[in-house]
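Novice: I'd like to ask you about the structure that follows.
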Amino acid sequence: MSEEFKIEIVNPEKSFLIKEDVLEVVVPAFEGEMGILKDHIAIISFLKPGIITIFSKEGNEKFFVEDGIIEFKNNNLSILTSSIFNLKDVSENKIQDLLKSAEEEIKKDEITDQKKYLADQKIEVLRSIN
């Protein structure tokens with residue numbers, strides 16, 4: 053019996069990734085890191101800044117995501133996000149630029165608690181990548 057399921061990641065520009073041989077996906081949900089396996093209960097959740105790890109027969113892939121929504125049902129995982137990139141394709145300069153931007157964001161006087169929380173999460177994840 054197959055333990056695989058399908059994932060599709062979509063961003064505003066295009067369908068970013070489609071894989072049919074996924075064994076597990078770990079996502080940075082607001083509730084905490086969430087592992088999804090085949091036959092997981094149906095779920096909808098929001099993503100916070102973090103790393104999405106996809107485990108498949110081909111190997112593991114890691115992606116940095118800033119936000120998004122996940123939906124899992126009928127062994128199909130859909131991820132909608134405004135910003136995602138593969139960690140193997142990202143340069144040190146890109147990470148430093150994102151880190152600097154997030155650090156500047158939390159220094160603003162008019163920042164809301166929610167935006168501060170998300171910026172703090174983003175900074176923590178970006179620092180861990182280095």
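Just so you know, we're using my numbering here: the sequence shown kicks off at 53 and counts up by one.
Heads up, the beta-carbon is just placed ideally off N, CA and C, and yes, glycines get one too.
1. Between which two residues does the alpha helix (DSSP H) harbouring E162 extend?
2. By DSSP, does V142 sit in helix, in strand, or in coil?
3. Can you grab the Cα-Cα spacing for the pair T164 / E157, in whole Å?
4. Going by beta-carbon coordinates alone, are I104 and I136 separated by less than 9 Å?
5. Would DSSP call K167 helix, strand or coil?
6. Do F115 and I184 come within 9 Å of each other at the CB atom, strictly closer than that value?
7. According to DSSP, is S97 part of a helix, a strand, or is it coil?
8. What does DSSP give as the partner residues of V78 in its beta bridges?
9. So for K152, helix, strand or coil by DSSP?
10. Should E118 go down as buried or exposed, given a rule of 16 or more other Cβ atoms within 10 Å for buried?
11. Please report the distance separating the alpha-carbon of N127 from that of S97.
Specialist: Inspection of the coordinates gives the following:
1. Run containing E162: none; DSSP gives neither H nor E here.
2. Secondary structure of V142 (DSSP, three-state): coil.
3. Put simply, the backbone Cα of T164 is about 10 Å away from that of E157.
4. For I104 and I136, yes; Cβs fall inside 9 Å.
5. K167: helix per DSSP, three-state reduction.
6. Residue numbering for the chain in the displayed model covers 53 to 182; residue 184 lies beyond these limits and cannot be assessed.
7. Under the three-state reduction of DSSP output, S97 falls in the strand class.
8. The beta-bridge partner set that DSSP reports for V78 consists of G87, T105.
9. Of the three classes helix, strand and coil, the one that applies to K152 here is helix, per DSSP.
10. Under the 10 Å beta carbon count, E118 is surrounded by 16 or more other beta carbons and is classified as buried.
11. Distance from the CA atom of N127 to the CA atom of S97, rounded to whole angstroms, is 16 Å.
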